[in-house]
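K.L.:
These protein sequence lines map, in sequence, to chains S and P.
So for the first sequence, the working numbering puts the first residue at 39; every next one is plus one.
So for the second sequence, the working numbering puts the first residue at 246; every next one is plus one.
Using N, Cα and C, we set each Cβ at its ideal position, and we do this for glycine too.
Mind having a look at this structure? Questions to follow.
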Amino acid sequence: MTITSPDRRRVRDTGPSGWLAAPALVFFLVFAVVPLAGVVFLSFTSWDGLREIRLEGLASWTTVLTDPVTGNALMVTAKILFFSFIVQAPISLLLGVFTAGGQKYRAALAVLYFLPLLLSSAAVAIAFKALLDPNFGLGPGLQVPLLIQDWLGNSDLVLFVVVFVIAWQFVPFHTLIYQGGVRQIPTSLYEAAEIDGAGRVRQFLNITLPQLKYTIITSSTLMVVGSLAYFDLIFVLTGGGPGYSTRLLPLHMYLTGFKANDMGAASALGVILIVIGLGLALLLQRLGGKNRNDSQLEGA
Amino acid sequence: MASTTQLPAAPEAPVLTHGAPRQNSRRAGRRRPNLPGGLGGWLWLAVIVLPIYYVVITSLKNQAGFFATNPMLPPAEPTLDNYRLVLENDFARYFLNSVVVTLGTVIPALFVSFMAAYAIVRGKGRFVNWTNNLFLLGLAIPLHATIIPIYWMITRAHLYDTLLALILPSIAFAIPVSVLILSNFMRDVPNELFESMRLDGCSDWAMLWRLALPMTKPAVITVGIYNALHVWNGFLFPLILTQSPATRVLPLSLWTFQGEFSVNIPAVLASVVLATLPLLVLYIVARRQLISGLTAGFSK
Numbered sequence: 039m040t041i042t043s044p045d046r047r048r049v050r051d052t053g054p055s056g057w058l059a060a061p062a063l064v065f066f067l068v069f070a071v072v073p074l075a076g077v078v079f080l081s082f083t084s085w086d087g088l089r090e091i092r093l094e095g096l097a098s099w100t101t102v103l104t105d106p107v108t109g110n111a112l113m114v115t116a117k118i119l120f121f122s123f124i125v126q127a128p129i130s131l132l133l134g135v136f137t138a139g140g141q142k143y144r145a146a147l148a149v150l151y152f153l154p155l156l157l158s159s160a161a162v163a164i165a166f167k168a169l170l171d172p173n174f175g176l177g178p179g180l181q182v183p184l185l186i187q188d189w190l191g192n193s194d195l196v197l198f199v200v201v202f203v204i205a206w207q208f209v210p211f212h213t214l215i216y217q218g219g220v221r222q223i224p225t226s227l228y229e230a231a232e233i234d235g236a237g238r239v240r241q242f243l244n245i246t247l248p249q250l251k252y253t254i255i256t257s258s259t260l261m262v263v264g265s266l267a268y269f270d271l272i273f274v275l276t277g278g279g280p281g282y283s284t285r286l287l288p289l290h291m292y293l294t295g296f297k298a299n300d301m302g303a304a305s306a307l308g309v310i311l312i313v314i315g316l317g318l319a320l321l322l323q324r325l326g327g328k329n330r331n332d333s334q335l336e337g338a
Numbered sequence: 246m247a248s249t250t251q252l253p254a255a256p257e258a259p260v261l262t263h264g265a266p267r268q269n270s271r272r273a274g275r276r277r278p279n280l281p282g283g284l285g286g287w288l289w290l291a292v293i294v295l296p297i298y299y300v301v302i303t304s305l306k307n308q309a310g311f312f313a314t315n316p317m318l319p320p321a322e323p324t325l326d327n328y329r330l331v332l333e334n335d336f337a338r339y340f341l342n343s344v345v346v347t348l349g350t351v352i353p354a355l356f357v358s359f360m361a362a363y364a365i366v367r368g369k370g371r372f373v374n375w376t377n378n379l380f381l382l383g384l385a386i387p388l389h390a391t392i393i394p395i396y397w398m399i400t401r402a403h404l405y406d407t408l409l410a411l412i413l414p415s416i417a418f419a420i421p422v423s424v425l426i427l428s429n430f431m432r433d434v435p436n437e438l439f440e441s442m443r444l445d446g447c448s449d450w451a452m453l454w455r456l457a458l459p460m461t462k463p464a465v466i467t468v469g470i471y472n473a474l475h476v477w478n479g480f481l482f483p484l485i486l487t488q489s490p491a492t493r494v495l496p497l498s499l500w501t502f503q504g505e506f507s508v509n510i511p512a513v514l515a516s517v518v519l520a521t522l523p524l525l526v527l528y529i530v531a532r533r534q535l536i537s538g539l540t541a542g543f544s545k
């Protein structure tokens with residue numbers, strides 16, 4: 039603040055004491071930082087979830103790292119991350135620009151576009167399980183032979199079905215982010231372009247896209263880091279199957295810990311998940327250009 | 246972020262720009278209609294609406310009708326029997342559990358995060374900086390990777406299968422993003438206001454509630470809605486930390502209901518509709534607030 043009067047400046051504002059941050063800090067330390075340390079510790083133990091925890095050294099790590107299912111889970115995670123980004127990012131961007139336009143019909147469409155945001159992942163998964171049924175779902179309903187498939191039972195198709203359902207659920211959220219970003223672009227830029235005779239495509243490429251740089255980074259970061267948390271949707275929709283074809287890392291961790299009762303191996307998988315998540319977040323921040331260290335999430 | 250540079254003119258000036266009335270006429274009217282855009286818009290509408298339409302009409306069919314009629318046609322004789330079946334299966338209790346867990350998480354999380362945001366924005370010193378950095382780190386880490394130590398802590402504390410088991414870690418997980426967004430908005434409050442209150446002899450505690458809170462009220466509501474939606478739709482914590490019907494929350498109840506009534510698809514889909522109804526009502530009565538809460542200032 040530059041307009042502080044001289045006599046005011048003499049009263050040194052030392053700011054509030056840090057104790058105001060203490061309650062939040064304590065909660066976060068106990069239920070996030072301690073578990074973070076705990077997951078590293080437990081990865082060196084053997085525990086079935088009920089009996090004593092025994093220190094086992096690297097046994098869990100050897101199990102996890104030599105198990106082909108781990109490599110497969112990493113592969114599935116990478117595929118889902120890649121394809122869901124490729125599908126969601128352009129659709130959300132275009133829909134964001136589309137809904138930011140002023141036309142009445144677009145505003146009306148937007149009200150319906152955002153409906154999936156109201157459903158929980160469990161609800162979305164259950165709805166699509168019924169919808170994709172080869173006998174009583176969408177395919178036979180519309181009587182389009184191409185749509186009559188065993189979508190969730192065919193290991194070649196299921197990954198793309200999962201990507202589609204993820205897009206159905208999360209595109210609306212990213213559309214909202216882009217819509218907010220587009221609405222903050224100064225109108226004068228478009229007016230100037232109009233005078234220069236730039237067409238719609240030129241305006242999109244030369245004004246809209248560059249102006250949305252930080253929105254794109256924000257949305258992409260949330261998309262990529264978020265894809266490491268696609269647990270509930272896939273758990274209910276496919277349970278990781280058929281076989282191991284949609285068993286991505288978080289699901290593999292859950293099934294190893296709570297279904298196979300190998301908490302040590304599951305903790306090792308948790309550590310891998312944390313390292314990947316942290317690595318991706320840092321990488322995206324780096325790609326975002328200047329060091330925006332006050333927040334990786336703020337944008338637009 | 247555009248609004249960090251402009252100071253709110255009055256305490257009641259909306260800090261959140263999302264959803265505020267604005268000049269929307271940029272692309273409206275003056276130009277030839279955007280045919281590919283419109284086409285894409287209607288196509289996406291079909292993608293969004295078809296699954297919802299299917300869920301609603303199927304939930305109104307009886308089981309014989311479900312097997313006999315075309316899946317995409319509405320029932321000849323709509324019935325509410327499925328809804329009665331869901332309501333008779335303890336739906337009210339699961340709903341109430343969800344309300345308790347959501348309020349029990351969001352209110353304390355807002356309270357501690359607000360105090361922490363105030364300390365971080367107004368305070369100085371190593372402790373405050375360190376706390377802030379810790380919360381920022383929490384944003385980059387997929388905290389769900391720590392479910393195994395959390396399960397261990399909750400069982401050790403004899404909280405397994407209680408609603409408190411869901412509330413405590415949920416508060417901790419809500420803190421990083423809440424503190425980040427609240428402190429972003431609190432930076433917009435002019436320093437002079439705090440200084441003049443300090444000159445009047447106000448304590449930090451008084452400034453917190455009599456100045457900072459009224460000035461950031463829209464942000465507090467936004468963060469509250471954002472957290473509430475996440476907790477309301479949360480699935481992973483209930484899955485690993487609760488077991489009995491007495492502590493079951495709505496998203497988990499959909500899953501268990503699907504297991505129990507797997508052959509009765511119309512009833513399962515009725516449960517999906519019923520579980521979504523509360524948020525749909527909110528969407529209809531308070532769409533702007535809900536939408537701004539969904540993006541929680543990510544597109545501020």
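If we call anything under 8 Å between Cβ atoms a contact, is residue 190 (chain S) one with residue 317 (chain P)?
P.N.:
No; because the gap between Cβ atoms is not below 8 Å, this pair is not in contact.
K.L.:
Hey, out of S:281, S:271, S:304, whose CA is closest to residue 194 (chain S)'s CA?
P.N.:
Ranking S:281, S:271, S:304 by Cα distance to residue 194 (chain S) puts S:281 first.
K.L.:
Quick one, are the C-beta atoms of residue 414 (chain P) and residue 395 (chain P) less than 8 Å apart?
P.N.:
In contact: residue 414 (chain P) and residue 395 (chain P) (Cβ atoms closer than 8 Å).
K.L.:
For residue 84 (chain S), write down the residues that DSSP places opposite it in a beta bridge.
P.N.:
Looking at the DSSP assignment, residue 84 (chain S) forms a beta bridge with S:92.
K.L.:
Within the same chain, show all residues whose beta-carbon is closer than 6 Å to that of residue 177 (chain S), passing over the 5 residues directly before and after it, in chain order.
P.N.:
If we look at residue 177 (chain S) and ignore the five residues flanking it on each side, its Cβ neighbours are 185, 186.
K.L.:
From which residue to which residue does the alpha helix (DSSP H) around residue 218 (chain S) run?
P.N.:
Taken as a continuous stretch (DSSP letters only), the alpha helix (DSSP H) holding residue 218 (chain S) covers 196 to 221.
K.L.:
Using a Cβ cut-off of 8 Å, pull out every chain P residue sitting near residue 206 (chain S), in sequence order please.
P.N.:
Residues of chain P passing the Cβ test: 292, 293, 296.
K.L.:
Is it the case that the Cβ atoms of residue 122 (chain S) and residue 478 (chain P) are separated by a distance below 8 Å?
P.N.:
Result no, Cβ atoms of residue 122 (chain S) and residue 478 (chain P) do not sit closer than 8 Å.
K.L.:
Is it buried or exposed for residue 309 (chain P), if we count other Cβ within 10 angstroms and need 16 for buried?
P.N.:
Burial call: exposed.
K.L.:
Restricting to runs no shorter than 4 residues, where is the alpha helix (DSSP H) found entirely within the segment 122 to 192 of chain S?
P.N.:
Whole alpha helix (DSSP H) segments, 4+ residues: 142 to 151, 159 to 169, 176 to 180.
K.L.:
Could you work out which residue in S:318, S:303, S:321 is closest to residue 84 (chain S) when comparing CA atoms only?
P.N.:
It is S:303 whose Cα lies nearest to the Cα of residue 84 (chain S).
K.L.:
Closer than 8 Å, CB to CB, is residue 391 (chain P) near chain S or not?
P.N.:
Yes, its Cβ sits closer than 8 Å to a Cβ of chain S.
K.L.:
In terms of alpha-carbon separation, which member of S:56, S:253, S:230 lies closest to residue 128 (chain S)?
P.N.:
Out of S:56, S:253, S:230, S:253 has the C-alpha closest to the C-alpha of residue 128 (chain S).
K.L.:
Does residue 236 (chain S) come within less than 8 Å of chain P when only Cβ atoms are used?
P.N.:
False, the Cβ-Cβ gap to chain P never drops below 8 Å.
K.L.:
For chain P, find out if any of its Cβ atoms is closer than 8 Å to the Cβ of residue 165 (chain S); answer yes or no.
P.N.:
Chain P contact via Cβ: present.
K.L.:
So with CB distances below 8 Å, who are the chain S contacts of residue 385 (chain P)?
P.N.:
Under the 8 Å cutoff, chain S gives 263, 315, 316, 319, 320, 334.
K.L.:
Identify which residue in P:365, P:320, P:331, P:279 has its Cα closest to the Cα of residue 58 (chain S).
P.N.:
Out of P:365, P:320, P:331, P:279, P:365 has the C-alpha closest to the C-alpha of residue 58 (chain S).
K.L.:
Could you tell me whether the segment 205 to 225 of chain S touches the segment 324 to 343 of chain P, where touching means 3 or more Cβ pairs closer than 8 Å?
P.N.:
Touching, no, given that fewer than three Cβ pairs across the two stretches are closer than 8 Å.
K.L.:
If you draw a straight line from the alpha carbon of residue 447 (chain P) to that of residue 436 (chain P), how long is it in whole angstroms?
P.N.:
Roughly 14 Å between the two C-alpha positions.
K.L.:
Spatial neighbours of residue 45 (chain S) within its chain, please: C-beta separation below 7 Å, excluding the five flanking residues on both sides.
P.N.:
Its pLDDT being 45, under 50, residue 45 (chain S) is placed unreliably by the model, and the measurement read from it follows with that caveat. Nothing listed; no residue qualifies.
K.L.:
Specify the secondary structure class of residue 282 (chain S) as computed by DSSP and reduced to three states.
P.N.:
Three-state result, residue 282 (chain S): coil.
K.L.:
May I have the straight-line CA-CA distance separating residue 153 (chain S) from residue 531 (chain P), to the nearest angstrom?
P.N.:
Each residue's Cα considered, the two are about 14 Å apart.
K.L.:
Where does residue 386 (chain P) sit, in a helix, a strand or coil, going by DSSP?
P.N.:
Residue 386 (chain P) falls in the coil class under three-state DSSP.
K.L.:
Report the three-state DSSP secondary structure of residue 506 (chain P) (helix, strand or coil).
P.N.:
Reduced to three states, the DSSP call for residue 506 (chain P) is coil.
K.L.:
Would you decide whether residue 93 (chain S) is buried or exposed? Buried here means 16 or more other CB atoms lie within 10 Å of its CB.
P.N.:
Answer is exposed; the Cβ neighbour count stays below 16.
K.L.:
Is it a yes or a no for the segment 373 to 389 of chain P touching the segment 299 to 319 of chain S, going by three-plus beta-carbon pairs under 8 Å?
P.N.:
Contact holds: three or more Cβ-Cβ distances are below 8 Å.
K.L.:
Measure from the C-beta of residue 119 (chain S) to each C-beta in chain P and report whether the shortest distance is under 8 Å.
P.N.:
Not an interface residue.
K.L.:
Out of S:307, S:263, S:234, S:279, which one is the CA nearest neighbour of residue 322 (chain S)?
P.N.:
Cα-wise, what sits closest to residue 322 (chain S) is S:263.
K.L.:
Answer with yes or no whether the minimum CB distance from residue 449 (chain P) to chain S is below 8 Å.
P.N.:
Closer than 8 Å to some Cβ of chain S, the Cβ of residue 449 (chain P) qualifies, so yes.
K.L.:
Report the residues of the segment 60 to 75 of chain S with a CB closer than 9 Å to any CB of chain P, ordered along the chain.
P.N.:
Within the segment 60 to 75 of chain S, the qualifying residues are 60, 61, 62, 63, 64, 65, 66, 67, 68, 69, 70, 71, 72, 73, 74, 75.
K.L.:
With DSSP collapsed to three states, give me the class of residue 43 (chain S).
P.N.:
In this prediction, residue 43 (chain S) has a pLDDT of 46, which is less than 50 and means its spatial position is unreliable; what the coordinates show is noted afterwards. Coil, per DSSP.
K.L.:
Please list the partners that residue 125 (chain S) has in chain P, where partner means a Cβ-to-Cβ separation under 8 Å.
P.N.:
Per Cβ cutoff of 8 Å: no residues; residue 125 (chain S) is ~12 Å from chain P at best.
K.L.:
Using CA coordinates, which residue listed in P:368, P:462, P:306 is at the minimum distance from residue 515 (chain P)?
P.N.:
Nearest of P:368, P:462, P:306 to residue 515 (chain P), Cα basis: P:306.
K.L.:
Is there at least one Cβ from chain P nearer than 8 Å to residue 301 (chain S)'s Cβ?
P.N.:
Judged by the 8 Å Cβ criterion, residue 301 (chain S) is in contact with chain P.
K.L.:
Given this structure, state the Cα-to-Cα distance separating residue 155 (chain S) from residue 524 (chain P), to the nearest angstrom.
P.N.:
Using only the alpha carbons, I get a separation of about 9 Å.
K.L.:
Which stretch, first to last residue, makes up the alpha helix (DSSP H) that contains residue 253 (chain S)?
P.N.:
Looking at the DSSP string, the run of the alpha helix (DSSP H) that includes residue 253 (chain S) is 251 to 265.
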